[in-house]
Structure formats: structure tokens, C-alpha cells
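The numbers in my numbering rise by one with no breaks, and the one at position 1 of the sequence shown is 19.
All residues carry an ideal CB built from backbone N, CA and C; glycine is no exception.
First comes the structure, then the notes that go with it.
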Amino acid sequence: MAKRGGFPGGMPGNMNNLMKQAQRMQRQMEETTKALEEKEYTAAAGGGAVTVTVSGRKEVVSIKLSEEVVDPDDIEMLQDLIVAATNEAFRQMEADSTEAMSKLTGGLGGALGGGFPF
């Protein structure tokens, strides 16, 4: 009669190693995520007329405007520059996050059918 459960041929040791590796990777990912959340990313638009800094937590930390860009007759341009600088800062943050996580996972995120929520 065959045994129920378990793995034939010594697989439990391999499974334990696999679990340890997964736990180690999870710890590294948590540490990396925390480090990324503490970083700040700054981008400028309009030749530096608008500078936006965002955090790794996806929050706008600061917006700096040059006096010459504050034209009451052209609010739309100022709004566009703020949006452009903010989006670029977030792109930098996402690229940094993707690169850091890819180093840990060896590109497994895409192979497993999705990315990470950061």
C-alpha cells in the first residue's frame, strides 16, 4: 500500500530549502520596499522653472516654482509644468522600484503574472 502525502525520493529537504529561500526573498523584498519608501525623487520642467519632489510612498513632498513662471495670465502653462514635473518624478520612482525588485526576483514578477504593488 502506498503512503499518503509527502514526496517520494527525498523531496522534503528540497522543499524546505525552497521555503527558506522564499522566506529570505520575502525579507529582502520587505527591506527593499522600506528603503524605497524612504527615498525621494525630484524632477523639473520648464527648464527648472517647476521642481517637484515625490516620496517612494507616492506622495508629493514639495513643489518649487520660479517667480518668472507665475504668470496670472497663463495659469494653464503653470499647471502643465507642474503635471509634467510630477509625472517625471513618479516615473523615476517607479523605475527605481522596478529595478530594485527585479534584482531580488530575477525577473520573476512578470513570469508570475503580475508585478508588485509598489
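A direct Cα-Cα distance of roughly 17 Å separates ALA113 from ALA62. For SER73, there is no enclosing alpha helix (DSSP H); the enclosing beta strand (DSSP E) covers residues 68-73. The beta carbons of VAL79 and ILE100 sit about 14 Å from each other, so the pair does not count as a contact at 8 Å. Take the alpha-carbon of GLU85 and the one of SER120: they are about 41 Å apart. The shortest C-alpha to C-alpha distance from VAL68 to any of LEU96, PRO90, ASP89, ARG42 is the one to LEU96. Less than 8 Å divides the Cβ of GLN46 from the Cβ of LEU122.
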